[in-house]
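Numbering (full-length UniProt numbering), first residue to last: 1 to 497.
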């Protein structure tokens, strides 16, 4: 399937992105809105700009993936003084470089939220369009997702501060005035409200009857291309909404509700196979099948056209003999190998990830899970190699497992063993009545760590659990100072909390 170009309404994007104060945006002229949003194409282009913003280097094209956010964990060897990530690795949040990154992250999320609110403000203009539910459902889902990300990283530690602590502003209407922050419980209520409405709108999402990578009927040259239908796995979709409901419930500590939503997705996908765990064919990696990160499992992924250049900027090729200098990042392979991938309890050298995500030229280990050759890069046949995961089926299995630890530990292990098989690990973890809940929770967390090296998801898990951060030289004690990223000064000056 050949990826189609998505054209963005540049005037609309530039008006939105041009702001200096995140929430102080010059209102778009009403006449201009009427011109842009008089038919479906305007909404599609505006929505495309949000996905484009998400794929920017300030968010999931780098910093909120394998860049800044991952340096807060123990995945990489400590960068040297002068390295651009030295400050973040050492939690120096007042470092100039770190403050710039955080300012860009905060700003880009709220710029995207503002764009979504513009779409939702005008959505009634196409009330008779058959694709209106898809557009509105995606927009609501993306708005909930963006706020949830902001809450996870800039909000308080719920286990320590409770749900009445102040968190972040929730912007659910188009406004150019400051919005005061809400309590955690109120932010969550808004997120859940958006997700509930989005789920109802996406009940007939084409992904429920096809594959995540299908073009859903866009098969003839005479048809007008409709990006809403093409590759629903790289758009906010029905399964992404329900998975988010599960993740939000888990974040709030409601394991039963989290497990309920996760099971709904897992059980339906077991029947439809729209999204599936990797199988033997996927594990037999070759030039004909270069997807090392299993896009087939992505419930909600994001196509990043510039991924190769961004990756090679930080993760050198195996033949590159440069040392631990800026801007390069190197995996802490020896420690990851002994403590995680080849752990005596749950590890094995047969793990696909151990064999394929790390490589060496006999001088230094490199992280190569994002690498692929130029020939493949120039082909549209392997679109999944440029995809980054935001919500994955693998992680949802682990969420379901965690929800069962206390009431049905054997069911918890069943979920764990399923994802282990999907990584070529045939040895099942067998339940023993002497296994404590802590043993199972630790197992689930380690399986999460194995999968999510350089994926930008580990830090939030450490925060949710208020757990010491594992590093090879010494663990970093859990603290609110580390886990609560500071809200940018520009925002606090304009909108004091």
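Backbone N, C-alpha and C define an ideal beta-carbon position, used for all residues, glycine too.
If you're wondering where the values come from, they're calculated on a predicted model, not measured in any experiment.
Check	Outcome
Bounding residues of the alpha helix (DSSP H) (the contiguous stretch that carries residue 52)	40-54
Residue closest to residue 315, alpha-carbon to alpha-carbon, out of 339, 366, 272, 336	366
For residue 96, the three-state DSSP class (helix, strand or coil)	helix
Whole-angstrom C-beta distance between residue 182 and residue 167, which should lie under 8 angstroms	6 angstroms
As assigned by DSSP and simplified to three states, the class of residue 140	helix
Contact belief for residue 278 with residue 296 at Cβ below 8 angstroms, rounded distance in angstroms	6 angstroms
Nearest-angstrom Cα separation, counted from residue 130 out to residue 327	48 angstroms
Beta strand (DSSP E) runs wholly inside the region 269-332, at least 3 long, in chain order	298-303
Helix, strand or coil at residue 387 according to DSSP, with G and I counted as helix	strand
Inter-residue CB distance, residue 190 and residue 161 (contact presumed, cutoff 8 angstroms)	Going by Cβ atoms, the distance from residue 190 to residue 161 rounds to 19 angstroms, so no, they are not a contact pair.
Integer-rounded CB distance, given that residue 148 should sit under 8 angstroms from residue 248	6 angstroms
For residue 335, three-class secondary structure by DSSP	helix
Length at least 3, wholly inside the UniProt domain "SusD-like N-terminal" (80-206): the beta strand (DSSP E) runs in chain order	none
Residues near residue 486 in its chain [Cβ-Cβ closer than 7 angstroms; skip 5 each side]	93, 102
Among 109, 82, 113, nearest to residue 98 - alpha-carbon criterion	82
Collapsed DSSP secondary structure at residue 469 in the structure displayed	strand
Cβ neighbour criterion (16 or more within 10 Å) applied to residue 400	buried
From 280, 406, 482, 244, residue whose alpha carbon lies closest to that of residue 140	244
Distance between residue 466 and residue 479 (C-alpha atoms, nearest Å)	7 angstroms
Whether residue 394 touches residue 419 by CB criterion (8 angstroms)	yes
For residue 365: DSSP bridge partner residues	360
Proximity of residue 301 and residue 398 at Cβ, strictly below 8 angstroms	no
Assigned exposure category for residue 423 - 16 Cβ within 10 Å defines buried	buried
Beta-carbon separation (whole angstroms), residue 212 vs residue 274, contact threshold 8 angstroms	6 angstroms
Validate contact between the region 340-351 and the region 435-454 using beta carbons, cut 8 angstroms, 3 pairs	yes
Three-state secondary structure assigned by DSSP to residue 76	strand
Any C-beta of chain B under 8 angstroms from that of residue 245	The displayed structure is made up of one protein chain only, and chain B is not part of it.
Span of the alpha helix (DSSP H) around residue 434	Per DSSP, residue 434 belongs to no alpha helix (DSSP H) and is neither H nor E.
Touching by the beta-carbon criterion (3+ pairs, under 8 angstroms), the region 226-242 and the region 431-438	no
Which listed residue (86, 392, 444) has its alpha carbon closest to that of residue 410	444
Local Cβ density within 10 Å of residue 491, reported as buried at 16 or more and exposed below that	buried
Nearest neighbour of residue 184, chosen from 357, 156, 311, 111 [CA to CA]	156
Identified DSSP bridge partners for residue 430	Its beta-bridge partners do not exist; DSSP assigns none.
Per-residue DSSP class, three states only, for residue 485	coil
Reference residue 318, options 299, 348, 361, closest by Cα	361
Minimum C-alpha distance to residue 282 - residue among 35, 187, 421	421
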